[in-house]
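Q: Residue numbers (my numbering), protein chains in the order written: chain A, 1 to 302; chain B, 1 to 368; chain C, 1 to 245.
Glycine included, each C-beta is placed from N, C-alpha and C at the ideal position.
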């Protein structure tokens, strides 16, 4: 059963088309990761789902109700986290939570229980009295998530919640998301981190307001056309110039090694041959394409 | 109402935790009242007055003494010469010359027509008109003491201003005007800033994703500032009445009711501004230009509307402070009631209704 | 031997809070050094001290041979600094921003013109250099900010989360540019939360609660802890210790 159904959604700002006839269907209880460059239309899509902007054409239905006409009934079901930190920096952690609990009409006893649970989730308990503005980046995002969760929403719409957050805090953040999904929540989340995309049930790649690709992380990885070889070469400028001479292959530096991107019909032996022809003898190891490779390839094809 | 209560609570915390808003809300009104009360005192004193007494009677000497014993006039640097009355003015020894022609004492006794002469240094228009005004009062009081009740001498006119301000103190005019300006400033400026701040920092986006309706957001934002404005109004009133001795002749209840109507107009303007701008800075500039400046310049607070060019006069009709100023001056200084002030009251109510409707219409529950 | 950056027991306290707690490190010229850590670990404070923007509470250090305690005014013109906020003027075009920063660093008009042309070509900015920077996508603003940071050809560049909010295509291209700068002998001192980018660095340090916990080549650190990748290693190293909000 789909919880979010977006059909032919378009949103224009003067000359710019932010969302361009987008279709998106999200099933109950799944995590969908949305990936796209700046200006892909992710934020406009999310805001449209939360009734924060009016869109031009198409429809968006959440839990069977139309966003255009039934927003007041949808809002209690939705938990939204905007891209930028949007809690009150001069209010304490607890005051922010209380405020949103109050706005969503959470009963007092229920609020107390939820607060305890969210504090346990987020590790925010010791900072309940601290002003939100004085939290570290990771803690701020956990507080924002807690505020979005205080009314136990069925659908979470999270706009790049982990941008600028360190790997440990990101891991903890996703642990929370995964446990929410186990409890039946549906989550739409934008992220620039491919390791997070790999944790999602499905991913949508977006570009210029349209869908570039969609599928499970595994399906998307399989969409890569071509092969990638890892070369144990010290990537000095000189070596890179030499590698650039190999026909039909593109070398990229990855720290202490080089990744060679080639067409699909290339084999490890042929790579070795060509390297030898350039006077290079190094171990060559084929590696699987990552989500980032797929994304870059799809973007490049545009 | 539960949700409005939450927003009010949040808003009060913002106000209490932001030292800048507390300065604007509490310190500034007190400062302004004291400034207008003391430093920007428009009372002109120490006008150098020369008296040319051709009458040389005890009556004429009494009149001259009356002038020089008042706080407004002092003696000239050099006495005027009987041969050339204007010379003292030319040299700057005197600002004004009072000329008492022979026959003053007889005219007093016989209640006959009589003309006193007053030559003024017109170079300082304010000073000369003040001198003329004060002279009229002093002469009138002198005559009232000398003559039986009801008798006046022809040729003596009194300015309107003096009627209701027998002490000639400018604080009596400024304090009611100041209340009008400060209420506008607190209500319009702070409300427009608070909404613009939520837009600018992005908190509005989170707020609007919650199930709140626009009237709840507006009420929650506006009620704390109504309270703040009332506190400020009372603060200025108390300083004015008890410190500067401004009279309060009329009904406090009537003033409170129209104070609230006026505050509503100001808040509507504030919301209207914030609905049209995106940043606190622009909101503040817009609020200053659209609300505070007109309340100071075009309300009759400092400059007399009758003396403005016709175009500016036309604009004053849509300045809420214009009407509130007449109401508050009427209530405080003259003790007027609705019987006198109903035109201003009705206009203010109509204007407020228009602004409130416009504000409610323009305030959108969308962010883009 | 000449080092681009040397730091010995450098500390910074704000009241009772110790933001940077006796850190020591050295960075070679031409090295890409990854300066990692959790949010609030003290990275930005440390970088500000190295850039001469903040006085250390104690400890010593040199940047480009200049003393961080005494010669901080000399440090500033000799380095480039690009912060996570990309300090560009949004209402100026890219070219106007570059002219402004060039003038601040005292470049003559003719040299500035040549340098802007050079950077425009190198960073592929031709299409965007004459547009207002405010409305540009983050990826392009980031490149113009980099151009502004290197307009005076500094030998050391400090990059504080330069790729936050930038998509993979831009990030990969950005790192190619950083590599080519390193090839020219420029030192890059980078903070990032992307662990794949951290693996691009020759050496990294991981900071936690003001202290440097480990330092070394990323491969070596991963191998030493027997974990599959740098991300897991980072999480392992930091999660062991109590987290402060």
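Leaving out five residues before and five after residue 67(A) in sequence, what residues of the same chain have Cβ atoms less than 6 Å from its Cβ?
A: Result list for residue 67(A): 51 and 60, in chain order.
Q: Looking only at its own chain, which residues have a Cβ that is under 7 Å from the Cβ of residue 365(B), when we skip the five neighbours before and after it?
A: Within the same chain, residue 365(B) has close Cβ partners 208 and 214.
Q: Please state whether the Cβ-Cβ distance between residue 246(B) and residue 240(B) is less than 8 Å.
A: Yes; because the gap between Cβ atoms is below 8 Å, this pair is in contact.
Q: Identify every residue that forms a DSSP beta bridge with residue 187(C).
A: 156(C).
Q: Within its chain, find whatever has a CB closer than 6 Å to the CB of residue 194(A); leave out the 5 residues flanking it on each side and keep chain order.
A: So the qualifying residues of the chain are 291 and 292.
Q: Could you tell me which whole beta strand (DSSP E) segments of length 3 or greater appear in the segment 48-76 of chain C?
A: 58-63, all fully within the segment 48-76 of chain C.
Q: What does residue 75(A) reach in chain B if we use C-beta pairs closer than 8 Å?
A: Correct list: 209, 210 and 211.
Q: Are the C-beta atoms of residue 116(A) and some chain C residue less than 8 Å apart?
A: Not an interface residue.
Q: Within 10 angstroms of the Cβ of residue 23(B), are there 16 or more other Cβ atoms? Answer buried if so, exposed if not.
A: Result: exposed.
Q: Determine the chain B residues that contact residue 82(A) at a beta-carbon separation under 7 Å, and present them in chain order.
A: Correct list: 202, 205 and 206.
Q: Express the C-alpha separation of residue 219(B) and residue 14(B) in angstroms, rounding to a whole number.
A: For residue 14(B) and residue 219(B), the distance between alpha carbons rounds to 16 Å.
Q: Buried or exposed: residue 46(C), going by 16 or more other Cβ atoms within 10 Å of its Cβ?
A: That one is buried.
Q: Output the boundary residues of the beta strand (DSSP E) element that contains residue 252(A).
A: 250-254 is the span of the beta strand (DSSP E), which, as asked, contains residue 252(A).
Q: By Cβ distance, which residues of its chain are closer than 8 Å to residue 137(A), with the 5 residues on each side in sequence left out?
A: Once the five neighbours on either side are set aside, the close Cβ partners of residue 137(A) are 164, 165, 166 and 169.
Q: Just to confirm before moving on: does the CB-CB distance between residue 217(A) and residue 203(A) stay below 8 Å?
A: A contact, by the Cβ cut-off of 8 Å.
Q: Residues of chain A with a CB under 7 Å from the CB of residue 238(C): which are they?
A: Ordered by position in chain A, the residues that pass the 7 Å Cβ test against residue 238(C) are 168.
Q: Cβ of residue 165(A) less than 8 Å from any chain C Cβ?
A: For residue 165(A), the answer is yes, since a Cβ of chain C falls inside 8 Å of its Cβ.
Q: Enumerate in chain order the residues of its own chain whose CB-to-CB distance from residue 286(A) is below 8 Å, with the five nearest sequence positions on each side excluded.
A: 227, 228, 229, 230 and 268.
Q: Using a C-beta to C-beta distance shorter than 7 Å, which residues of chain B count as neighbours of residue 54(A)?
A: 366, listed in chain order.
Q: Specify the secondary structure class of residue 22(C) as computed by DSSP and reduced to three states.
A: Residue 22(C): strand per DSSP, three-state reduction.
Q: Contact criterion: CB-CB distance below 8 Å. Does residue 1(A) meet it with respect to chain C?
A: No, its Cβ sits nowhere closer than 8 Å to a Cβ of chain C.
Q: Compare the C-beta of residue 3(B) against all C-beta atoms of chain A and say whether one is closer than 8 Å.
A: By this cut-off, residue 3(B) is an interface position.
Q: List, in order along the chain, the chain B residues whose C-beta lies closer than 8 Å to that of residue 90(A)?
A: Residues of chain B passing the Cβ test: 13, 14, 17 and 18.
Q: Using three-state DSSP, classify residue 308(B) as helix, strand or coil.
A: Note: residue 308(B) maps to coil in three-state DSSP.
Q: Quick one: what's residue 262(A) bridged to in DSSP?
A: In DSSP, residue 262(A) forms a bridge with 227(A).
Q: How is residue 38(A) classed by DSSP in three states: helix, strand or coil?
A: Reduced to three states, the DSSP call for residue 38(A) is coil.
Q: Listing by chain order, which chain A residues have their CB less than 8 Å from the CB of residue 10(B)?
A: In chain order: 88, 91, 95 and 99.
Q: Answer yes if the segment 57-76 of chain B comes into contact with the segment 254-273 of chain B, meaning at least three C-beta pairs across the two stretches below 8 Å, and no otherwise.
A: The segment 254-273 of chain B is not in contact with the segment 57-76 of chain B.
Q: Using the C-alpha atoms, what's the distance from residue 153(A) back to residue 227(B)?
A: About 35 Å.
Q: Give the residues of chain C in contact with residue 137(A), contact being defined as C-beta atoms less than 8 Å apart.
A: What residue 137(A) touches in chain C: 39 and 40.
Q: When the Cα of residue 194(B) is compared with those of 2(B), 4(B), 12(B) and 6(B), which residue comes out closest?
A: Nearest C-alpha to residue 194(B): 12(B).
Q: Can you list, in chain order, the stretches of the alpha helix (DSSP H) that have 4 or more residues and sit fully within the segment 34-81 of chain A?
A: Listed in chain order, they are 42-49 and 71-74.
Q: Tell me the DSSP secondary structure of residue 8(C) in three-state form.
A: Strand at residue 8(C).
Q: Spell out a yes or no on whether the segment 115-131 of chain A and the segment 42-57 of chain A are touching, meaning 3 or more CB-CB pairs, one atom from each, closer than 8 Å.
A: As far as the Cβ criterion goes, the segment 115-131 of chain A does not touch the segment 42-57 of chain A, which means the pair count is below three.
Q: What does the Cβ neighbour count give for residue 237(B), buried or exposed, with the cut at 16 atoms within 10 Å?
A: Label assigned to residue 237(B): buried.
Q: Determine the closest residue to residue 327(B) out of 260(B), 362(B) and 89(B), with distance taken between C-alpha atoms.
A: Residue 260(B) is the option with its Cα nearest to residue 327(B).
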